[in-house]
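Student: Provided herewith is a single structure, encoded as structure tokens, for subsequent inquiry.
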Amino acid sequence: MPFVSIGGVTLHHRYIEAAGSSHAIIFINSLGTDFRIWDEVVAKLSGEIPMLVYDKRGHGLSDIGSGVRSIDDHVDDLLGLIDHFGFGKVVLYGLSVGGLIAQRLYTRHPKCVEALILSDTAHKIGTAESWNTRIATVERDGIEVIADGIMKVWFTPNFHAARAAELAGCRNMLTRQALPGYVGTCMAVRDADLTDAARRIAVPTLCIVGDQDGSTPPDLVRSLAG
Numbered sequence: 000m001p002f003v004s005i006g007g008v009t010l011h012h013r014y015i016e017a018a019g020s021s022h023a024i025i026f027i028n029s030l031g032t033d034f035r036i037w038d039e040v041v042a043k044l045s046g047e048i049p050m051l052v053y054d055k056r057g058h059g060l061s062d063i064g065s066g067v068r069s070i071d072d073h074v075d076d077l078l079g080l081i082d083h084f085g086f087g088k089v090v091l092y093g094l095s096v097g098g099l100i101a102q103r104l105y106t107r108h109p110k111c112v113e114a115l116i117l118s119d120t121a122h123k124i125g126t127a128e129s130w131n132t133r134i135a136t137v138e139r140d141g142i143e144v145i146a147d148g149i150m151k152v153w154f155t156p157n158f159h160a161a162r163a164a165e166l167a168g169c170r171n172m173l174t175r176q177a178l179p180g181y182v183g184t185c186m187a188v189r190d191a192d193l194t195d196a197a198r199r200i201a202v203p204t205l206c207i208v209g210d211q212d213g214s215t216p217p218d219l220v221r222s223l224a225g
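Residue 100 in numbering that gives the first Met the number 0 sits at position 101 of the sequence shown, and the numbers go up by one each step.
Here it is, written out as structure tokens:
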């Protein structure tokens with residue numbers, strides 16, 4: 000299993016090479032997940048474009064280093080990965096909090112970014128009150144107590160009915176995340192407001208959202224697309 004130390008943080012990753020393509024695409028996953036969520040995407044695109052998937056700080060097999068205090072901690076890790084692999088410009092595909100990380104990286108280092116794909120994300124996700132409630136709940140009772148509710152947000156009723164085994168696996172992935180990484184990233188999302196920064200994005204950007212997304216509804220994502 001490949002690991003790399005970035006600024007004292009051990010990050011678990013997978014790099015998929017491809018010949019004859021100039022720009023790599025980096026997939027940045029959502030809160031409470033690891034890079035296995037991209038397995039089917041990577042399989043379909045394998046050989047067409049270089050790809051990097053990785054576990055965010057405090058998620059999956061990556062450690063938490065000195066902690067997560069803001070979206071910039073995740074951005075620092077991603078910039079370190081870009082430097083480690085010697086990428087020039089990259090395409091960033093950010094899902095949910097991954098979209099916040101992608102937007103913030105562009106704000107700090109626009110010359111690194113060829114294009115953005117922002118999926119089920121926004122310039123600001125949730126309210127301080129909703130995040131504080133979630134943080135207090137999981138700190139007191141653990142991730143397990145919110146898992147069923149999260150599954151209802153992540154997946155449609157049809158998915159629940161037809162794909163029970165996959166649903167159970169995704170639930171296991173969520174509940175087995177390290178609590179400090181989950182809570183720290185909740186705090187980072189709570190405090191992130193990229194409303195002004197999103198208006199200044201000047202690279203090709205594709206915004207994607209499911210029509211039944213309960214976390215970042217279509218109207219919110221439409222406002223990000225501007």
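Glycine residues also receive a C-beta, built at the ideal position from the N, C-alpha and C atoms.
Please read all numbers here as calculations on a predicted model, not as lab measurements.
Could you check how far apart the C-beta atoms of His223 and Ala197 are, in whole angstroms? I think they sit under 8 angstroms.
Tutor: Taking the sequence shown and counting its residues from 1, the one referred to as residue 223 is at position 224. Taking the sequence shown and counting its residues from 1, the one referred to as residue 197 is at position 198. In the sequence as displayed, the identity of residue 223 is Leu instead of His. Right, the Cβ-Cβ distance comes to about 6 angstroms (below 8 angstroms), so this counts as a contact.
Student: Is DSSP giving Ile81 helix, strand or coil here?
Tutor: Counted from its first residue, the sequence shown places residue 81 at position 82. It is helical.
Student: In three-state terms, what does DSSP make of His159?
Tutor: Translated into positions along the sequence shown, residue 159 becomes position 160. Note: His159 maps to helix in three-state DSSP.
Student: To the nearest angstrom, report how far apart Thr32 and Leu60 are at their CA atoms.
Tutor: As a first step, residue 32 must be located in the sequence shown, where it is residue number 33. As a first step, residue 60 must be located in the sequence shown, where it is residue number 61. Approximately 11 angstroms, taken between the alpha carbons.
Student: Please list, in chain order, all residues of the same chain as Gly209 whose beta carbon is under 7 angstroms from its beta carbon, the five residues on each side excluded.
Tutor: In the sequence shown, the residue the question calls residue 209 occupies position 210. Counting only Cβ-Cβ distances below 7 angstroms, and skipping sequence neighbours, we find Asp119.
Student: May I ask you to verify whether the region 11 to 27 touches the region 40 to 52, counting CB pairs closer than 8 angstroms and requiring at least 3?
Tutor: Yes, since at least three Cβ pairs between the region 11 to 27 and the region 40 to 52 fall closer than 8 angstroms, the two stretches touch.
Student: Which one of Ile5, Thr126, Ala201 and Gly148 has the shortest CA to CA distance from Lys110?
Tutor: Numbered from its first residue, the sequence shown carries residue 110 at position 111. Per the Cα distances, Ala201.
Student: What number of angstroms, rounded off, separates the C-alpha of Gln176 from the C-alpha of Pro49?
Tutor: Locating residue 176 in the sequence shown gives position 177, counting from the first residue. Locating residue 49 in the sequence shown gives position 50, counting from the first residue. Gln176 and Pro49: Cα-Cα distance of roughly 27 angstroms.
Student: Are the beta-carbon atoms of Leu104 and Leu78 separated by less than 8 angstroms?
Tutor: Translated into positions along the sequence shown, residue 104 becomes position 105. Translated into positions along the sequence shown, residue 78 becomes position 79. Going by C-beta atoms, Leu104 is nearer than 8 angstroms to Leu78.
Student: How would you call Phe34, buried or exposed, if buried means at least 16 neighbouring beta carbons within 10 angstroms?
Tutor: If you number the sequence shown from 1, residue 34 lands on position 35. When all chains shown are included, Phe34 counts as buried.
Student: Between the region 75 to 90 and the region 184 to 195, do three or more beta carbon pairs fall short of 8 angstroms?
Tutor: The answer is no - the region 184 to 195 does not touch the region 75 to 90, with fewer than three Cβ pairs under 8 angstroms.
Student: Taking Phe274 as the reference, which of His22, Ala187, Pro203 and Ala167 has the closest Cα?
Tutor: Outside the displayed span of the chain (0 to 225) sits residue 274, for which this structure offers no information.
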